[in-house]
């Protein structure tokens, strides 16, 4: 198929159209709005034969698609920031009921102060809701991962909701050349699969029944294990996608991590900038590397422990905070991973880019230099630092 | 005896509905609704308001099913002719 110019938002909408989604329900919120606009346009002009349910809030948007999914429909919703927080309660329920809902998240900061720009505070607050959580670096990747998401979510060994994270404005509003795959190929790769257990008036079942202390733990355990076990399907879906499109992303993008003194671990769109700075610093003979993580839940701990064991200091870039903790959410995860897998490499955390604060080339150099310093001195002075904040 | 994870349906879906019938909630009750049939006009308001539902039409009379009635008192509050009295269980 020929290459077209799409923003992150419209790339996602384009994929949703090709996936022939049955029910869409969403509430507009910056910077996700143009995605919903495009989808309602597809439904209104007949390009997509779907039910578009306009609702009064994000709580209702996710509740609507949850119910439609329970009835066997292929569904989509999307949101951002405060809207995602309003969905929080229903996110647990979606995972607990094992419903293959797919959601696009235009990652954005959380109030207060009110701010519409990018960071990862919204998704990090949903960490324990039991969803598969994927991060994209480009509009193309947002498109590709949307198609993969349906294949993963609807796989009979998974049956879990998936959220696709793409940075607000940086990806949602930036137009990039995107090469879609053919419509037929999309549905051949991710065919609609009807689950065994669906709401049907002719064969009534109870979804969301009371799980008293005799039952709750087992039901919860089942959903926890399903998320753990989804890893295999996620890897397989990516490999199969590469066969038909030539594009695969893996669990992470490791650049110059072998033979490195320090590696900067990041999530989302900043990955490309980090690789560029790594390339420039390598030219100056500095042994730096980049690891852009693509999958946050399930967390690929074993794989990361292996790749990060080869460096001398790991610098984690957190675009979210966990006030009162020893570091940001990604740092805590990486630190725990390395200790648990007996990888004796020091880890330091950098919190940057909150509320859309620009992370420039110089900032990335500062972060990598902090890692180089720890690697050469073999000691950590400061576990957590902030880059780009005016004190 | 709890059901094992392996015996449970995915997402804790219950494929045999009406399982709540096995939970007799009448023992939760502190106050019991008692209908005075000399006042009752069979308007069915108690029947329609009962959230359980534990009020049924039996032999032409609206009757409380005490096996399930939790004693919430909504029927007594809604009865337009004050035919229902909430009586303390121990009395």
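Protein chains in written order, with my numbering: chain A, 64 to 454; chain B, 12 to 102.
The C-beta atom is built at its ideal place from N, Cα and C for all residues, glycine as well.
Every value quoted in this text rests on a predicted model; they were computed, and no experiment measured them.
Whole angstroms are fine: how far does the CA of residue 451 (chain A) sit from the CA of residue 371 (chain A)? Position 308 of the first chain holds residue 371 (chain A). Position 388 of the first chain holds residue 451 (chain A). So the two alpha carbons sit approximately 26 angstroms from each other.
Proximal residues, the segment 49 to 69 of chain B versus chain A, C-beta separation under 7 angstroms: none
From the DSSP output, which residues share a beta bridge with residue 352 (chain A)? As a first step, residue 352 (chain A) is located in the first chain; it is residue number 289 there, counting from the start. BP columns for residue 352 (chain A) point to A:326.
Which residues in chain A have a C-beta closer than 9 angstroms to the C-beta of residue 9 (chain B)? List them in chain order. In the structure as shown, chain B starts at 12 and stops at 102, and residue 9 (chain B) therefore has no counterpart that could be examined.
Classification of residue 297 (chain A) by the beta-carbon crowding that lies within 10 angstroms, buried from 16 upward: What you label residue 297 (chain A) is simply residue 234 of the first chain in a count that begins at 1. Its Cβ being crowded by 16 or more others within 10 Å, residue 297 (chain A) is buried.
Pair every Cβ in the segment 81 to 92 of chain B with every Cβ in the segment 53 to 66 of chain B, then say whether three or more of these pairs are closer than 8 angstroms. yes
Would you mind telling me which residues of chain B sit closer than 8 angstroms to residue 267 (chain A), beta carbon to beta carbon, in chain order? Position 204 of the first chain, counted from the start, is the residue given in the question as residue 267 (chain A). Within 8 angstroms Cβ-Cβ: 28.
Mind checking if residue 21 (chain B) is an interface residue toward chain A, Cβ cutoff 7 angstroms exclusive? What you label residue 21 (chain B) is simply residue 10 of the second chain in a count that begins at 1. At least one chain A Cβ lies under 7 angstroms of residue 21 (chain B).
Which word fits residue 348 (chain A), buried or exposed, when buried means at least 16 other C-beta atoms lie within 10 angstroms of its C-beta? As a first step, residue 348 (chain A) must be located in the first chain, where it is residue number 285. So residue 348 (chain A) ends up on the exposed side.
Entirely within the segment 223 to 254 of chain A and at least 4 residues each: give me those alpha helix (DSSP H) ranges in chain order. 246 to 252
Neighbourhood of residue 491 (chain A) by C-beta distance below 7 angstroms, restricted to the same chain and skipping five residues each side: The structure shown does not extend to residue 491 (chain A), since chain A spans only 64 to 454, so no value can be given for it.
So, for residue 242 (chain A): in the same chain, excluding its five sequence neighbours on each side, which residues have a beta-carbon less than 6 angstroms away from its beta-carbon? What you label residue 242 (chain A) is simply residue 179 of the first chain in a count that begins at 1. The residues are 66.
Contact set for residue 71 (chain A): own chain, Cβ-Cβ below 6 angstroms, skip 5 residues either direction: Taking the first chain and counting its residues from 1, the one referred to as residue 71 (chain A) is at position 8. Answer for residue 71 (chain A): 202, 205, 229, 234 and 235, listed in chain order.
Please decide whether residue 272 (chain A) counts as near chain B, where near means a Cβ-Cβ distance under 7 angstroms. Within the first chain, numbered from 1, the residue matching residue 272 (chain A) stands at position 209. Answer yes: the Cβ-Cβ gap between residue 272 (chain A) and chain B drops below 7 angstroms somewhere.
Opening and closing residue of the beta strand (DSSP E) in which residue 276 (chain A) lies: As a working note, residue 276 (chain A) is residue 213 in the first chain. Run containing residue 276 (chain A): none; DSSP gives neither H nor E here.
Member of A:185, A:168, A:166 and A:169 whose CA lies at the smallest distance from the CA of residue 175 (chain A): Numbered from its first residue, the first chain carries residue 175 (chain A) at position 112. Answer by Cα proximity: A:185.
Let me check understanding here. Comparing Cα to Cα, which of A:213, A:382 and A:160 lies closest to residue 286 (chain A)? As a working mapping, residue 286 (chain A) is identified with position 223 in the first chain. Closest option to residue 286 (chain A), Cα to Cα, is A:160.
Across which residues does DSSP place residue 337 (chain A) in a beta bridge pair? For the purposes of this step, residue 337 (chain A) is taken as the residue at position 274 of the first chain. According to DSSP, which records beta bridges pairwise, residue 337 (chain A) is partnered with nothing at all.
Assigned exposure category for residue 33 (chain B) - 16 Cβ within 10 Å defines buried: Within the second chain, numbered from 1, the residue matching residue 33 (chain B) stands at position 22. Exposed is the call here.
The segment 150 to 168 of chain A: positions lying closer than 8 angstroms to chain B by Cβ: 159, 160, 161 and 162
The segment 247 to 257 of chain A touching the segment 207 to 218 of chain A, judged by at least three CB pairs closer than 8 angstroms: yes
Put residue 90 (chain B) into one of helix, strand or coil per three-state DSSP. Here the question's residue 90 (chain B) lines up with position 79 in the second chain. Three-state result, residue 90 (chain B): coil.
Are the segment 98 to 117 of chain A and the segment 183 to 200 of chain A touching, with three or more C-beta to C-beta distances below 8 angstroms? no
Between the CA atoms of residue 267 (chain A) and residue 196 (chain A) - distance to the nearest angstrom: As a first step, residue 196 (chain A) must be located in the first chain, where it is residue number 133. As a first step, residue 267 (chain A) must be located in the first chain, where it is residue number 204. For residue 196 (chain A) and residue 267 (chain A), the distance between alpha carbons rounds to 32 angstroms.
Using a Cβ-Cβ cut-off of 7 angstroms, state whether residue 97 (chain B) counts as contacting chain A. Here residue 97 (chain B) is taken as the residue at index 86 of the second chain, counted from 1. No, no contact with chain A.
Do the segment 220 to 229 of chain A and the segment 287 to 296 of chain A touch if we need at least three Cβ pairs shorter than 8 angstroms? yes
Name the chain B residues that come within less than 9 angstroms of residue 260 (chain A), Cβ to Cβ? Indexing the first chain from 1 puts residue 260 (chain A) at position 197. 20, 21, 22, 24 and 26, listed in chain order.
Looking at the C-beta of residue 285 (chain A), does it have a partner C-beta in chain B at a distance below 7 angstroms? Counting from 1 along the first chain, the entry for residue 285 (chain A) is found at position 222. Taking Cβ atoms only, chain B reaches closer than 7 angstroms to residue 285 (chain A), which makes this a yes.
Are there 16 or more other CB atoms within 10 angstroms of the CB of residue 39 (chain B), so buried, or fewer, so exposed? Your numbering for residue 39 (chain B) matches position 28 in the second chain. Per the 10 Å Cβ criterion, exposed.
Inter-residue Cα distance where the pair is residue 350 (chain A) and residue 344 (chain A): Locating residue 350 (chain A) in the first chain gives position 287, where the first residue counts as 1. Locating residue 344 (chain A) in the first chain gives position 281, where the first residue counts as 1. Each residue's Cα considered, the two are about 8 angstroms apart.
Go through its chain and collect everything with a Cβ distance to residue 94 (chain B)'s Cβ below 7 angstroms, but skip five positions before and after it. By one-based count along the second chain, residue 94 (chain B) stands at place 83. Answer for residue 94 (chain B): 46, 47, 50 and 51, listed in chain order.
Taking 7 angstroms as the limit between beta carbons, can you name the residues of its chain near residue 249 (chain A), skipping five residues before and five after? By one-based count along the first chain, residue 249 (chain A) stands at place 186. Only 81, 82 and 210 meet the Cβ criterion.
Name the DSSP bridge partner or partners of residue 412 (chain A)? Looking up residue 412 (chain A) in the first chain gives position 349. Note: residue 412 (chain A) sits in a beta bridge opposite A:379 and A:447.
Do residue 434 (chain A) and residue 412 (chain A) have their beta-carbon atoms positioned less than 7 angstroms apart in this structure? Translated into positions along the first chain, residue 412 (chain A) becomes position 349. Translated into positions along the first chain, residue 434 (chain A) becomes position 371. Cβ distance not < 7 angstroms, so residue 412 (chain A) and residue 434 (chain A) don't count as in contact.
If we call anything under 7 angstroms between Cβ atoms a contact, is residue 66 (chain B) one with residue 54 (chain B)? Locating residue 66 (chain B) in the second chain gives position 55, where the first residue counts as 1. Locating residue 54 (chain B) in the second chain gives position 43, where the first residue counts as 1. In this structure, residue 54 (chain B) does not lie closer than 7 angstroms to residue 66 (chain B) by Cβ.
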